[in-house]
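Asks: One structure coming up, written as structure tokens, with questions to follow.
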Amino acid sequence: MKNYIKIFLIVLVAVALFSNSNAQERRKLAQTGMKFLSVSNDARIAGMSSNFTSVFDGSSSMLYNPAGMADIKSSLDASFGNTKWLADINYLYGTIAINPFDGYFGVLGVSVVAADYGGFYETIRAENEKGYLQIGTYKPTAYTIGIGYAKMLSEKFAIGANVKYVRQNLIGDAKVALTSSGYKKEKFALGVMAYDFGLIYKTGYKSLNIGMSVRNFAEEVKYVEESFQLPLTFRIGASINAMDFVESLRNNHSLLITFDATNPRDFEEQLAFGAEYTFMNAFSFRSGYNFPQDDGGFSMGFGLKKELDNYIISLDYSISKYSIFDDVHRFSIRFAHK
């Protein structure tokens, strides 16, 4: 067990040093592509400004810190949701995790995230008054499919990893030029393997957990002439149930407090705080704040949980506020089989 703790601390120090080495890069903008990988999709987690690096949760943990699904108690856990993003963009996700033999061999999960950008007018250059011809519409696509694994190496220490295939097609089947033989098509589609890793450590002090994650680790990809990186992100976080300090309220009340420090490849280092109050393990209210941000930063949401025979069903909603753009709404539903 001591070796696990040493490894964990070494990783934390390495990430901290990495963050300090980049401290002077205060305006890291437009350095990555496939930005749909950075969007938070789970309504419960997004309602706390996505501060969930150190929290054990269900199958949707694969999208944040894969180690978070190591402590799943149910034999099957599934989560599905929709994000009404900026500029009428929609994101859909689904995650499923199975926990055979009560986690003896670990927890295995599958995740899918897809972006719906809607349709765009398709035009080509032409020798007319407008300078172009409208010849139809096209629809860009982007998705990722992942397989995750997590395991409790001891009563206190969990690890997790997620291997995913990421694909983006910017112009779909769009035609890019008119030649003597007809419309010419070019492919602007890319696919790449990416990897997520995570750790969570139960400190033994009350319910205090410490966690870290590395997301979207991948090789550089290239569109025609321009190369770019995926949105690699390092996160360190801590969480605790504040009701641990109020014995008389612990049975019917929970107040989860979370804190994350984030070092993204394409933005400034960020700090974020989140809270989730739960009454009778049935109704939850959440809020969180993430800073610095160019716009927005505040999120809130609520959730309902109901036990039906051998099943647990949860419904969650969150809203992220923006001053310039429209608010972002998220809806999620989760099923767990005991």
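Just add 3 to the spot in the sequence shown (first one is 1) and you have our numbering. All residues carry an ideal CB built from backbone N, CA and C; glycine is no exception. In this text the structure is predicted, and so the values were computed from the model without any measurement.
(1) Taking C-beta to C-beta, are Asn68 and Ser216 nearer than 7 Å?
(2) To the nearest angstrom, how far is it from the Cα of Tyr314 to the Cα of Ser77?
(3) With distances taken between CB atoms, is the gap from Ser82 to Thr56 smaller than 7 Å?
(4) Using DSSP with H/G/I as helix, E/B as strand and the rest coil, what is Ala129?
(5) Measuring CB to CB, does Arg268 end up less than 7 Å from Thr86?
(6) Along the chain, where does the alpha helix (DSSP H) containing Arg238 start, and where does it finish?
(7) In the structure shown, what three-state DSSP assignment does Ile336 receive?
(8) Can you give me the C-alpha to C-alpha distance between Asp330 and Ile127, rounded to a whole angstrom?
(9) Rounded to whole angstroms, what's the CA-CA distance from Gln296 to Phe270? Just pull it up for me.
(10) Just list the beta strand (DSSP E) runs in the segment 276-303, keeping only unbroken ones of 3 residues or longer that don't cross its boundaries, in chain order.
(11) From this set, Phe108, Lys205, Lys167, Asn165, which residue's C-alpha is nearest Lys154's C-alpha?
(12) Apply the 10 Å Cβ neighbour rule to Arg253 and answer buried if 16 or more other Cβ atoms are within range, or exposed otherwise.
(13) Indicate whether Arg218 and Asp199 have their beta-carbon atoms separated by less than 7 Å.
(14) In the DSSP assignment, find the unbroken alpha helix (DSSP H) run with Arg47 in it and report its ends.
(15) Can you find at least 3 beta carbon pairs, one from the segment 200-210 and one from the segment 222-229, that sit closer than 8 Å?
(16) What number of angstroms, rounded off, separates the C-alpha of Leu136 from the C-alpha of Ser323?
(17) Return the Cβ separation of Asn284 and Phe237 in integer angstroms, given the expectation that the two are a contact with Cβ distance under 8 Å.
(18) Helix, strand or coil: how does DSSP classify Ser64 here?
(19) Leaving out five residues before and five after Leu79 in sequence, what residues of the same chain have Cβ atoms less than 8 Å from its Cβ?
(20) Taking the beta strand (DSSP E) that Val249 belongs to, which residues open and close that run?
(21) Going by CA-CA distance only, name the one from Phe294, Glu130, Thr144 that's closest to Leu193.
(22) On the three-state DSSP scale, how would you describe Phe191?
(23) What runs of the beta strand (DSSP E), each 3 residues or longer, lie entirely inside the segment 205-233?
(24) If you check the beta carbons only, do Ala118 and Tyr94 fall under 7 Å apart?
(25) Would you say Ser52 and Gly304 are within 7 Å of each other, going by their C-beta atoms?
(26) Would you list the residues sitting across from Gln171 in a DSSP beta bridge?
(27) What number of angstroms, rounded off, separates the C-alpha of Ser230 from the C-alpha of Gln34?
(28) Any idea if Thr281 is buried or exposed, counting beta-carbon neighbours within 10 angstroms, 16 or more meaning buried?
(29) Taking the beta carbon of Leu274 as the centre, do at least 16 other beta carbons fall within 10 Å, making it buried, or is it exposed?
(30) Once DSSP output is grouped into helix, strand and coil, what is the label at Phe200?
(31) Drop a sphere of 10 angstroms on the beta-carbon of Lys38, count the other beta-carbons inside from all chains shown, and report buried for 16 or more, exposed for fewer.
(32) Can you find the residues in the same chain that come closer than 7 Å, C-beta to C-beta, to Leu20, ignoring five residues on each side of it along the sequence?
(33) Using the Cα positions of Leu111 and Arg47, report the straight-line distance between them to the nearest angstrom.
(34) Assuming Tyr152 and Ala164 are in contact, meaning their beta carbons sit under 8 Å apart, how far apart are those beta carbons, in whole angstroms?
(35) Quick one: using the 10 Å Cβ neighbour count with 16 as the cut-off for buried, is Pro249 buried or exposed?
Replies: Reading off the structure:
(1) Cβ distance < 7 Å, so Asn68 and Ser216 count as in contact.
(2) Going by the C-alpha atoms only, they are around 9 Å apart.
(3) No, the Cβ-Cβ distance between Ser82 and Thr56 is not below 7 Å.
(4) Three-state result, Ala129: coil.
(5) Not in contact: Arg268 and Thr86 (Cβ atoms no closer than 7 Å).
(6) Not the alpha helix (DSSP H): Arg238 falls in the beta strand (DSSP E), residues 236-244.
(7) The answer is strand: DSSP assigns Ile336 an E or B state.
(8) Each residue's CA atom was taken as its position, placing Asp330 and Ile127 some 34 Å apart.
(9) One C-alpha to the other measures close to 9 Å.
(10) Complete beta strand (DSSP E) runs here, min 3: 286-294.
(11) If we check each option's Cα against that of Lys154, Phe108 comes out closest.
(12) Exposed.
(13) In this structure, Asp199 lies closer than 7 Å to Arg218 by Cβ.
(14) Per DSSP, the unbroken alpha helix (DSSP H) holding Arg47 starts and ends at 46-49.
(15) Touching, no, given that fewer than three Cβ pairs across the two stretches are closer than 8 Å.
(16) One C-alpha to the other measures close to 39 Å.
(17) Wrong, their Cβ atoms sit about 33 Å apart, outside the cutoff.
(18) In the three-state reduction of the DSSP assignment, Ser64 falls in the helix class.
(19) So the list reads Ile99, Ala100, Ile101, Asn102, Phe338, Ala339, His340, once near-sequence residues are dropped.
(20) That residue, Val249, is in no beta strand (DSSP E); it is neither H nor E in DSSP.
(21) Closest option to Leu193, Cα to Cα, is Thr144.
(22) Per DSSP, reduced to three states, the secondary structure at Phe191 is coil, with no helix or strand assignment.
(23) Segments of the beta strand (DSSP E) lying fully in the segment 205-233: 212-220, 224-226, 229-231.
(24) A distance below 7 Å separates the beta carbons of Ala118 and Tyr94.
(25) Contact annotation: Ser52 and Gly304 have beta-carbon atoms that are not nearer than 7 Å.
(26) Answer is Ala145, Leu193, bridged to Gln171.
(27) So the alpha carbons of these two residues sit roughly 10 Å apart.
(28) Buried: at least 16 other Cβ atoms inside 10 Å.
(29) Label assigned to Leu274: exposed.
(30) Collapsing the DSSP output to three states places Phe200 in a strand.
(31) Lys38 is classed as exposed because its beta carbon has fewer than 16 other beta carbons within 10 Å across all chains shown.
(32) Bear in mind that the predicted position of Leu20 carries a pLDDT of just 49, short of 50, making it too unreliable to give a figure here.
(33) Computed Cα separation, rounded: 21 Å.
(34) Ala164 and Tyr152 do touch by the CB rule: their CB atoms are close to 6 Å apart, below 8 Å.
(35) At residue 249 the sequence reads Val, which differs from the Pro that was named. Val249 comes out exposed.
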